[in-house]
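Down below is the structure, laid out as structure tokens.
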Amino acid sequence: MTRKQKRLVIIGGGMSFIVAAVLLVMFAFGQSIAYFYMPADLEKTPVNPGTRIRLGGLVAEGSIKRGEGRTVSFTVTDGEANVPVSYTGILPDLFREGQGVVTEGMFDAATHGFVADSVLAKHDENYMPKEVADRLKDKGLWQHAGEGEEPAAATPAASATSSDKTGATR
């Protein structure tokens with residue numbers, strides 16, 4: 001083999017290794033990505049049952065219903081659409097009606113509802129995903145503290161809490 005052929009083999013092998021590594025990383029990230037949706041987005045773009053997503057918006061007034069054990073059902077709304085959510089676990093301390101919330105889980109084909117395995121309670125636009133805060137502001141559902149009445153999706157506290165099925169608070 002000539003020097004030129006050896007160089008081409010080494011370069012070709014190196015490029016093949018890099019391409020394989022990039023494909024493996026993309027595959028690994030593709031399995032763990034949870035896309036973010038608001039209720040109105042789900043009406044326009046349905047999600048297949050079993051696909052992991054994040055659902056964000058406000059907890060609808062009068063929608064929290066406690067079931068057996070630690071099971072809670074509630075509705076997430078963005079002012080345009082509503083999505084029923086079921087969650088089994090310990091809810092964050094800041095979770096309540098009219099509060100911002102981001103849930104992560106999947107749609108259940110049998111119940112046609114969203115089954116969350118984690119709930120993140122939001123109370124301030126500093127912790128709310130920008131697109132959620134912007135859309136809630138556009139619809140007039142968001143008020144900053146100090147603008148008259150109590151904020152619709154904010155409280156004076158300055159931290160976000162979440163919980164998962166283990167009850168651990170983050």
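Residue numbering for the sequence shown follows UniProt numbering, beginning at 1 and increasing consecutively.
Just so you know, even glycine gets a beta-carbon here, dropped at the ideal spot from N, CA and C.
Proximity below 9 Å, CB of residue i to CB of residue j
{"i": "Leu55", "j": "Phe114", "result": "yes"}
{"i": "Met1", "j": "Gly50", "result": "no"}
{"i": "Gly79", "j": "Leu58", "result": "yes"}
{"i": "Ala121", "j": "Asp93", "result": "yes"}
{"i": "Phe95", "j": "Val101", "result": "yes"}
Collapsed DSSP secondary structure at residue i in the structure displayed
{"i": "Val101", "result": "strand"}
{"i": "Phe95", "result": "coil"}
{"i": "Ile64", "result": "coil"}
{"i": "Ala145", "result": "Bear in mind that the predicted position of Ala145 carries a pLDDT of just 42, short of 50, making it unreliable; the figure below should be weighed with that in mind. Three-state DSSP puts Ala145 in coil, outside helix and strand."}
{"i": "Ile53", "result": "strand"}
{"i": "Asp134", "result": "helix"}
{"i": "Asp117", "result": "strand"}
{"i": "Pro84", "result": "strand"}
{"i": "Asp41", "result": "helix"}
{"i": "Val72", "result": "strand"}
{"i": "Met106", "result": "strand"}
Where residue i falls, given that 16 or more other Cβ within 10 Å makes a residue buried
{"i": "Ser16", "result": "exposed"}
{"i": "Arg135", "result": "buried"}
{"i": "Leu8", "result": "exposed"}
{"i": "Ala145", "result": "Any reading at Ala145 must be qualified, since the residue scores a pLDDT of 42, below 50, and its modelled position is unreliable; no value is offered."}
{"i": "Val85", "result": "buried"}
{"i": "Gly19", "result": "The sequence shown places Val at residue 19, rather than the Gly named in the question. Exposed, since its Cβ has fewer than 16 Cβ neighbours within 10 Å."}
{"i": "Thr77", "result": "buried"}
{"i": "Val22", "result": "exposed"}
Close-in-space but distant-in-sequence residues of the same chain around residue i (CB under 6 Å, 5 per side omitted)
{"i": "Ala81", "result": "Pro39, Ala40 and Glu43"}
{"i": "residue 182", "result": "What the structure shows of the chain is the stretch from 1 to 170, and residue 182 is not part of that stretch, so it cannot be assessed."}
{"i": "Ala34", "result": "Arg52, Ile53, Arg54 and Glu104"}
{"i": "Thr111", "result": "none"}
{"i": "Gly148", "result": "Caution applies to Gly148, whose pLDDT of 42 falls short of 50 and renders its modelled position unreliable; the value that the coordinates give is listed next. Here the set comprises nothing."}
Residues of its chain near residue i, where Cβ-Cβ distance is below 8 Å and the 5 sequence neighbours each way are ignored
{"i": "Glu61", "result": "Glu97 and Gly98"}
{"i": "Ala109", "result": "Pro49 and Gly50"}
{"i": "Tyr37", "result": "Thr45, Val47, Ile53, Arg54, Leu55 and Gly56"}
{"i": "Arg70", "result": "Thr88, Gly89 and Ile90"}
{"i": "Val72", "result": "Ile64, Lys65, Arg66, Ser86, Tyr87, Thr88 and Leu91"}
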